[in-house]
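Top to bottom, those sequences are chains A and B.
The first sequence begins at 1 in the numbering used here and counts up one residue at a time.
The second sequence begins at 1 in the numbering used here and counts up one residue at a time.
Glycine is no exception: its CB is placed at the ideal position from the N, C-alpha and C atoms.
Protein chains: 2
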Amino acid sequence: MLDQYKQQQPYLVALDSIIFGFDGESLKVLLVKRGLEEKTWSLMGGWLQPEESLEQAASRILFDLTGLTNVYLEQLHAFGNPDRDPIVRTVSVAYFSLVKITDYESKISGAFQAQWFSIYDLPPLLFDHGDMVDLAIKRLRYKAAQHPIGFELLNDKFTIPQLKKLYDAIYNTEFDKRNFSRKILSTNLLIKLTEKQKGFSKRGAFYYTVDAEKYHLVSDSFLNFIPN
Amino acid sequence: MLDQYKQQQPYLVALDSIIFGFDGESLKVLLVKRGLEEKTWSLMGGWLQPEESLEQAASRILFDLTGLTNVYLEQLHAFGNPDRDPIVRTVSVAYFSLVKITDYESKISGAFQAQWFSIYDLPPLLFDHGDMVDLAIKRLRYKAAQHPIGFELLNDKFTIPQLKKLYDAIYNTEFDKRNFSRKILSTNLLIKLTEKQKGFSKRGAFYYTVDAEKYHLVSDSFLNFIPN
DNA sequence: TCAAAAGTGTTTCGGATACACCCATGC
DNA sequence: GCATGGGTGTATCCGAAACACTTTTGA
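Pasting the structure below:
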């Protein structure tokens, strides 16, 4: 190894995940209590391994907790204040992910103490994890306003009223259902199914799915996704 | 140190900066030839030091090259593919910055071989620096569309035609000057000075400055900054 | 006086908003 | 038959876009 490299101090590199879920009523974040810090809730995290990319590591860590693969995962920010972890200096790369909460419920392993918390009612968090969550919420709002990522939080089949409730929860507001539905449908990203939701309302709402092909075409472009 | 930490492998942490400048005609990126890799252009970079935050380190590195402080600096992305640096595994946190190119010209130290390249005519770059630049351009476009950050690339005093040329360069297009000027002025962020630009055109264009107070108020909100 | 850039005004169009009523169904 | 949530239509408004002429002044 060259001198210029040798003289440098290496640091531990961690990954932390802000895992969002939606239970039909409010937007939630999945928190855990980890071995070292039994008393404090924290984000799910882990260490970067030698053969992994950052994204692979974040993915693996997410899988370890939730058993889920193929979830929406996006790098949020690298956090590296010298004293952020008081024990040893660690640079943490935070990722946020959007999971279908019902998939998660079915796959969770008992290895961790994990719990969903409403984003409006979070406990104190370890280290700078509170900052990470705040930033993730901001980013989710920013992104969901212009990109159709909300679907990642719902089942493959969902109704328009469910989708509206999700956006209500993300933005902590109440959108007008007529304008909301018109706007969402005008993107042509949704395919109406013949099946109706049963059991929730008397009339029942039609299920929709995302048109995967169109979705991939536009996932990179601006859409203006929030009405009102 | 606790066992859980001890078992982990540490990595070198670097910072790389995509430094944007605008010379009045086209959008440029500042590249250097570094000691180790004399034949290849690369981004300006350096190592994270024990007592620094990531942002402080990026700032210091920027200062070392340009002599500039108080420049716009924003974290872009952390890059950590295992083989991105073939010599030793390094995680690099990339920052992008917007500098006033004339300030830079006056402060550059001769210590580095540095050169501005048009973003449409870049040489091959070291490691994954090409990806970093691509992403930075994408991010700049994304951000400048909705936030008034373009001013960071111009002198404190600038004319509307200069500002339009900057946006033309960023988006590689030609905006309509009537709509452009109306839209920019409608934000009420600019203060018209009595002084006119001399020497460039016969008639001369009025100088403007940014209303710092209003600028700070809106720098976090959405503005819809690109017309046409 | 003319060339070159600065500066400004109007019309049109489409999307955003606000708003209210009918529909389907289980009880 | 009625209560509950689902679904749709319209008028208005405002910002976006398209578009062309006048002004200033140095040469």
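Residue i in three-state terms, based on DSSP
i, result
"residue 147 of chain B", "coil"
"residue 180 of chain B", "helix"
"residue 119 of chain A", "coil"
"residue 138 of chain B", "helix"
"residue 113 of chain A", "strand"
"residue 48 of chain B", "coil"
"residue 125 of chain A", "strand"
"residue 130 of chain B", "helix"
Beta-carbon proximity check, residue i vs residue j, cutoff 7 Å
i, j, result
"residue 133 of chain B", "residue 78 of chain A", "no"
"residue 41 of chain A", "residue 8 of chain B", "no"
"residue 198 of chain B", "residue 180 of chain B", "no"
"residue 54 of chain A", "residue 80 of chain B", "yes"
"residue 144 of chain B", "residue 26 of chain B", "no"
"residue 99 of chain A", "residue 24 of chain A", "no"
"residue 84 of chain A", "residue 127 of chain A", "yes"
"residue 95 of chain B", "residue 58 of chain B", "yes"
"residue 119 of chain B", "residue 29 of chain B", "yes"
"residue 31 of chain B", "residue 61 of chain B", "no"
"residue 136 of chain B", "residue 73 of chain B", "no"
"residue 159 of chain A", "residue 207 of chain A", "yes"
"residue 209 of chain B", "residue 157 of chain B", "yes"
"residue 204 of chain A", "residue 196 of chain A", "yes"
"residue 242 of chain A", "residue 33 of chain A", "With chain A covering 1 to 228 only, the question about residue 242 of chain A has no answer from this structure."
"residue 51 of chain B", "residue 82 of chain A", "yes"
"residue 13 of chain B", "residue 71 of chain B", "no"
"residue 97 of chain A", "residue 17 of chain A", "yes"
First and last residue of the uninterrupted beta strand (DSSP E) at residue i
i, result
"residue 11 of chain B", "First-last for residue 11 of chain B: undefined, no H or E at that position."
"residue 195 of chain B", "190–196"
"residue 40 of chain A", "It is not in any beta strand (DSSP E) - residue 40 of chain A carries neither H nor E in the DSSP assignment."
"residue 206 of chain B", "206–210"
Continuous alpha helix (DSSP H) stretch holding residue i: start and end
i, result
"residue 63 of chain B", "54–66"
"residue 28 of chain A", "Not the alpha helix (DSSP H): residue 28 of chain A falls in the beta strand (DSSP E), residues 27–33."
"residue 168 of chain A", "160–171"
>> Going residue by residue through the stretch 69–108 of chain B, where are the continuous beta strand (DSSP E) segments of at least 3 residues, counting only ones entirely within it?
In response: Taken in chain order, the whole beta strand (DSSP E) runs of length 3 or more contained in the stretch 69–108 of chain B are 72–79, 90–98.
> Within the chosen definition, does the stretch 177–191 of chain A reach the stretch 206–226 of chain A through at least 3 CB pairs nearer than 8 Å?
Replying inline: Flag = yes, the stretch 177–191 of chain A and the stretch 206–226 of chain A touch.
> When the Cβ atoms of the stretch 58–70 of chain B are set against those of the stretch 145–152 of chain B, are three or more pairs found closer than 8 Å?
Replying inline: The stretch 58–70 of chain B and the stretch 145–152 of chain B do not touch, with fewer than 3 CB-CB distances between them shorter than 8 Å.
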